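S.K.: Okay, handing you the structure first.
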Amino acid sequence: MTAAVGRALVGRCRRSSRSRPAAGLVVAGMALLGAVGSVAQAASITLEGHAVPYRFTQWLQIEDEVEWCHPLAAGQVLHYRFQAGQRMSWSMHYHALHDAATVLREDEVRTVEADYRAPLTADYCIRWQNYGLGPFRLDAEFSVR
Numbered sequence: 007m008t009a010a011v012g013r014a015l016v017g018r019c020r021r022s023s024r025s026r027p028a029a030g031l032v033v034a035g036m037a038l039l040g041a042v043g044s045v046a047q048a049a050s051i052t053l054e055g056h057a058v059p060y061r062f063t064q065w066l067q068i069e070d071e072v073e074w075c076h077p078l079a080a081g082q083v084l085h086y087r088f089q090a091g092q093r094m095s096w097s098m099h100y101h102a103l104h105d106a107a108t109v110l111r112e113d114e115v116r117t118v119e120a121d122y123r124a125p126l127t128a129d130y131c132i133r134w135q136n137y138g139l140g141p142f143r144l145d146a147e148f149s150v151r
């Protein structure tokens, strides 16, 4: 396994395709690091049980989206870094009770590294979208302080 051993396992990552209805396929553990590429044609992938800090690599087909979520307490800082093989769109939003709001959004970027201080306790999610001309590789890293 990875550094996740011995820590509370939290977070989730979802992959979906806009062109097909969600199939609800579930992949557990660190399968994302190697097997997700072979499952790229599935309409929906949910990965749960990852510790923070966390890294993953994901191939996004045209019109695919990948989402990574993690609970943050007010005042906690999420450090995120990601790089894509081509320009992409990404956004960060949160879910608190019945409320959801987008807090950051960028289009046409390849590399991002920044910190985000959570203003309130909620589940924060980063979503990447491929609206490009072909598939690309996404490498992402996260840590919480």
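FYI, the numbering for the sequence shown is 7 to 151, going by the working numbering.
For every residue, glycine included, the Cβ atom is placed at its ideal position computed from N, Cα and C.
Being a predicted model, the structure only gives us computed values, none of them experimental.
Kindly confirm or deny that the segment 129 to 142 and the segment 85 to 99 touch, where touching means at least three C-beta pairs closer than 8 Å.
M.R.: Yes: at least three Cβ pairs fall under 8 Å.
S.K.: Whose C-alpha, out of 59, 72 and 93, is nearest the C-alpha of residue 139?
M.R.: Translated into positions along the sequence shown, residue 139 becomes position 133. Among 59, 72 and 93, the Cα nearest to that of residue 139 is on 93.
S.K.: Give the straight-line distance between the Cα atoms of residue 78 and residue 98, rounded to the nearest whole angstrom.
M.R.: By one-based count along the sequence shown, residue 78 stands at place 72. By one-based count along the sequence shown, residue 98 stands at place 92. Roughly 13 Å between the two C-alpha positions.
S.K.: Kindly list the residues whose CB is nearer than 7 Å to the CB of residue 141, restricted to its own chain and excluding five residues on each side of it in sequence; keep chain order.
M.R.: Within the sequence shown, numbered from 1, the residue matching residue 141 stands at position 135. 65, 66, 67 and 68, listed in sequence order.
S.K.: Let's see if you can read the secondary structure: which residues bound the beta strand (DSSP E) around residue 91?
M.R.: Locating residue 91 in the sequence shown gives position 85, counting from the first residue. Note, residue 91: beta strand (DSSP E), 83 to 102.
S.K.: Could you pull out every residue in the same chain whose Cβ sits closer than 8 Å to the Cβ of residue 80, ignoring the five residues on either side in sequence?
M.R.: Taking the sequence shown and counting its residues from 1, one reaches residue 80 at position 74. For residue 80, where only same-chain residues beyond five positions count, the Cβ hits under 8 Å are 124, 125, 126 and 127.
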